[in-house]
Amino acid sequence: MQRAKRKFFYVLGGVIAALIVISLVTYPQLKQRWTTPLGPGLDLPTLTATSIRSADNQVPATSVVQASNASSQAELPNTQPLTNPGTTIPPTAALSPSTAAQPLCGGPELMTVLALGIDGSFDYRYGLSDVIRVVRVDFVTPKVTVLSLPRDLWVEIPEIENSYNITHGKLNQAYFYGTPGMGYYKGPGAGAGLLARTLDLNFGLRVDHYGAVNMQTFVKVVDAVGGIDIYLPTDVDGTPVDDKTEDMGYFTAGHHHFTGDLALRFSRIRKRYSELTRMDNQNMVICALKEKITSQAVLPKIPQIIAAFQDSVLTDLSPEQLSQLACLVPQLKRENLLLTGLPEEILSQGRIYSPQQKATTFIWEADFNLIRDYVSQFMAGTWPIEAAEPSCP
494 MQRAKRKFFY
504 VLGGVIAALI
514 VISLVTYPQL
524 KQRWTTPLGP
534 GLDLPTLTAT
544 SIRSADNQVP
554 ATSVVQASNA
564 SSQAELPNTQ
574 PLTNPGTTIP
584 PTAALSPSTA
594 AQPLCGGPEL
604 MTVLALGIDG
614 SFDYRYGLSD
624 VIRVVRVDFV
634 TPKVTVLSLP
644 RDLWVEIPEI
654 ENSYNITHGK
664 LNQAYFYGTP
674 GMGYYKGPGA
684 GAGLLARTLD
694 LNFGLRVDHY
704 GAVNMQTFVK
714 VVDAVGGIDI
724 YLPTDVDGTP
734 VDDKTEDMGY
744 FTAGHHHFTG
754 DLALRFSRIR
764 KRYSELTRMD
774 NQNMVICALK
784 EKITSQAVLP
794 KIPQIIAAFQ
804 DSVLTDLSPE
814 QLSQLACLVP
824 QLKRENLLLT
834 GLPEEILSQG
844 RIYSPQQKAT
854 TFIWEADFNL
864 IRDYVSQFMA
874 GTWPIEAAEP
884 SCP
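Numbering (my numbering), first residue to last: 494 to 886.
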């Protein structure tokens, strides 16, 4: 009996020793994979004093195109300043390292992610960024603020003028020109990289990372969590307005359970409304998806869902960073998920002739200095103070 026990412990010790050796050998490789970005980084140009001065003078240029109607020349309505210049801000007491709050989930204090919804091919070789969101993640508070940007803003697009004589376009075209299939842009990050540079150039909006999801992947993700539940206060009409319009369906007021396909259709409706209304609808979907993934039934499955779809998403986040974000979501208080967009009063509708499209196209015009002011406060975490409508229930 004693001999059998000794033999058992010898075998057990050998197994443990073997596991230790294997761990020591494989740990560096596993750690490297865990912390390695899943895609090429953005590598934005270094911010210098010269670039800051240049950005401060940046205004939306329309000299390369001709506005086709008077509406594009209309003056913007007056807006109230975001802060009172006479307000004195009391000094903040310094916290010692022992008392200062630490970031949750092993994350950084702050992370800013360019989140994109792509209308294009399943392999991301082509596509327009029809959904453009900037997500500011505060791991200390914790707090997540999502800024929606209109895809039809007319902006300067950098780094492709010399080869293709393109200087301006819609904001969502910056992603399109940067896709591998177009081949216009050779810099880091492909479509997301060129769009990030466009945001930096026009609005001083600098992001740390990006994530792009195409329509097919979005549908599969919603289905993977079992669909989402949404309450509509009014009917939403996505039926065709002409023979060229795709039928997105008609959604009556009341409670709905959306599959991935229905969620996508609802998110794309705009013909009878406006792009701003569509962004509001997309925010409703974001809220419903957040509610679903933090439910007791789905939350334990999130690591497996991330692993299943990480090859279907374009991102420069690492598995470690994705894990940090997934860890943070269920710890957010409802009031600390803020969804906002540029105020409608600073936007005006216009039409411009686009040489690339060889046609007159709809655009949003705005005073870029105002946008830069909002962006600056968004990045600092001082705007918005409260969630814009529609906020998550």
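All residues carry an ideal CB built from backbone N, CA and C; glycine is no exception.
Taking residue 718 and residue 802 to be in contact with their CB atoms under 8 Å, please state how far apart those CB atoms are, rounded to whole angstroms. With 8 Å as the limit, residue 718 and residue 802 do not qualify as a contact, their Cβ atoms being about 11 Å apart.
Starting from the Cα of residue 527, find the closest Cα among 815, 849, 860 and give me that residue. 815
With DSSP as the reference, please indicate the residues paired to residue 854 in a beta bridge. 845
Own chain residues within Cβ distance below 7 Å of residue 479, not counting five before or after: This structure gives no information on residue 479, because the portion of the chain shown stretches from 494 to 886.
Below 8 Å, how does it come out for the stretch 703–713 and the stretch 642–658: are there three or more Cβ pairs, yes or no? no
Are residue 703 and residue 832 close, meaning C-beta to C-beta below 7 Å? no
Unbroken alpha helix (DSSP H) run spanning residue 707, endpoints: No alpha helix (DSSP H) contains residue 707, which is instead part of the beta strand (DSSP E) from 702–707.
Just the C-alpha distance for residue 735 and residue 631, rounded to the nearest angstrom, thanks. 45 Å
Out of 875, 763, 843, 724, which one is the CA nearest neighbour of residue 741? 763
Looking at the strands, I want to know which residues DSSP matches up with residue 724. 748
Can you tell me whether residue 788 is buried or exposed? The criterion is at least 16 other CB atoms within 10 Å of its CB, across all chains shown. exposed
Given 8 Å as the limit, is there contact between the stretch 659–666 and the stretch 643–650, that is, 3 or more CB pairs closer than that? yes
Measure the alpha-carbon distance for residue 760 versus residue 701 and round it to whole angstroms. 26 Å
Give the DSSP-derived three-state secondary structure of residue 863 in the structure shown. helix
The stretch 673–692 in contact with the stretch 858–865 per 3-pair CB rule at 8 Å: no
Confirm the yes/no value for this check: CB of residue 684, any heavy atom of the ligand NAP, distance under 6 Å. This structure lacks the ligand NAP; in fact it carries no ligand of any kind.
Give me the DSSP bridge partner(s) of residue 743. 730
In whole angstroms, what separates the C-alpha of residue 872 from that of residue 739? 37 Å
Which residue or residues does DSSP assign as beta-bridge partners of residue 639? 628, 832
Starting from residue 593 and walking both ways along the alpha helix (DSSP H), at which residues does that stretch end? Residue 593 -> no alpha helix (DSSP H), and no H or E assigned at all.
Stretch pair the stretch 607–618 + the stretch 815–826: three plus CB contacts closer than 8 Å: no
Counting along the chain, where does the beta strand (DSSP E) carrying residue 604 start and finish? 603–612
For residue 708 and residue 784, what's the separation of their Cα atoms in angstroms? 21 Å
Endpoints, the alpha helix (DSSP H) within which residue 783 is located: 768–786
Rounded to a whole number of angstroms, what is the C-alpha to C-alpha distance between residue 532 and residue 705? 11 Å
Does the Cβ-Cβ distance between residue 598 and residue 797 come in under 7 Å? no
Would you mind working out which of 767, 829, 539 sits nearest residue 877, comparing C-alpha positions? 829
Check each candidate in 721, 749, 733, 720 and name the one with the smallest Cα separation from residue 727. 749
Less than 8 Å between the CB atoms is what I'm expecting for residue 689 and residue 535, so what's the real figure, rounded? 5 Å
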